[in-house]
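Asker: Using full-length UniProt numbering, the final residue of the sequence shown is 156, and nothing's skipped along the way. A virtual CB, placed ideally from N, CA and C, is assigned to each residue, including glycine.
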Amino acid sequence: MQTLDPMRYQVIYLSQAGMKPRDFYGEMLRHLGEEPLFSLTKAKRLFEEVLRTRVEQGDKSLVVIIDEAQDITPAMLLELRFALNQQMDSVSLFTLILVGQSELRRTLRKNKFEAVAQRIQLRFHLTGLTEEESADYIRHQMKTSGLDDPFPFIFR
C-alpha cells in the first residue's frame, strides 16, 4: 500500500472475518464518503453509481484490499463476482486484492467459485522463509527494537 502513489490511488483496506455483502457495500460506501444504505439492492446500485462517476471524473483509481480473505463467507465471494462484473467495458471500476491464507486458494478451486476464480488476473503464493531468510528477518526485527546483536541471545 505504501508504494502506491496517493495522488493516483485511493486504497480501501478491509479486514472483517465473516464479512457479508451488506457489510462490504456499507464499508465501501463509507470509505467513498457516502452514507451506507440499509437495503442491499440500493447499496449495490449506489456503489456502482459512485464508481462510475469516479471513473468518468478521472478520480483516483480505487484499490480495495480484503485481508484475511480465507474467512470471507461463500455469499460474499459470490457477491465479489457481481461487484467485479460491473466492469463491462475496458475501464476497471476498481482493483480488488484478496489477501489470505492457503485455505483461500482451496476455496477458489471449488466449482461453485469458478466464476470468481476466473476474474482473478494475478495470483501470488508466498512460501515460508528459508533458514537464512528467517535469521535475516529476526536480525532486522531485533535491530529495529534496539538490540544490535540478537544472535548471542537467540542461538545459545
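Take GLU103 as the anchor and find which of ARG52, MET76, ALA69 and PHE47 has the nearest alpha-carbon.
Answerer: Of ARG52, MET76, ALA69 and PHE47, the residue nearest in Cα terms is ALA69.
Asker: Is residue 172 buried or exposed, if buried means 16 or more other CB atoms sit within 10 Å of its CB?
Answerer: The structure shown does not extend to residue 172, since the chain is modelled only from 1 through 156, so no value can be given for it.
Asker: With 16 other CB atoms within 10 Å as the buried threshold, where does GLU35 fall?
Answerer: exposed
Asker: Kindly confirm or deny that the stretch 36 to 44 and the stretch 57 to 75 touch, where touching means at least three C-beta pairs closer than 8 Å.
Answerer: no
Asker: LEU78 lies in the beta strand (DSSP E); which residues open and close that run?
Answerer: First-last for LEU78: 74 to 84, but that is the alpha helix (DSSP H), not the beta strand (DSSP E).
Asker: State the start and end residues of the unbroken alpha helix (DSSP H) segment that holds SER102.
Answerer: 102 to 108
Asker: So, is ALA83 buried or exposed, given that buried needs 16 or more other C-beta atoms within 10 angstroms?
Answerer: buried
Asker: Determine the direct distance from the alpha carbon of LYS20 to that of ARG156, and round the result to whole angstroms.
Answerer: Low confidence applies here, because ARG156 scores a pLDDT of 43, under 50, leaving its location unreliable and the question unanswered by this model.
Asker: Spatial neighbours of PHE113 within its chain, please: C-beta separation below 7 Å, excluding the five flanking residues on both sides.
Answerer: Answer for PHE113: LEU77 and THR107, listed in chain order.
Asker: Give me, in chain order, the residues of the same chain whose beta-carbon lies closer than 7 Å to that of GLY146; leave out the 5 immediate sequence neighbours on both sides.
Answerer: Answer for GLY146: no residue qualifies.
Asker: Buried or exposed: which applies to GLU133, given that a residue is buried once 16 or more other Cβ atoms fall within 10 Å of its Cβ?
Answerer: The residue is exposed, with fewer than 16 neighbouring Cβ atoms inside 10 Å.
Asker: In the DSSP assignment, find the beta strand (DSSP E) that holds THR95 and state where it starts and stops.
Answerer: Counted as a single uninterrupted DSSP element, the beta strand (DSSP E) harbouring THR95 occupies residues 95 to 98.
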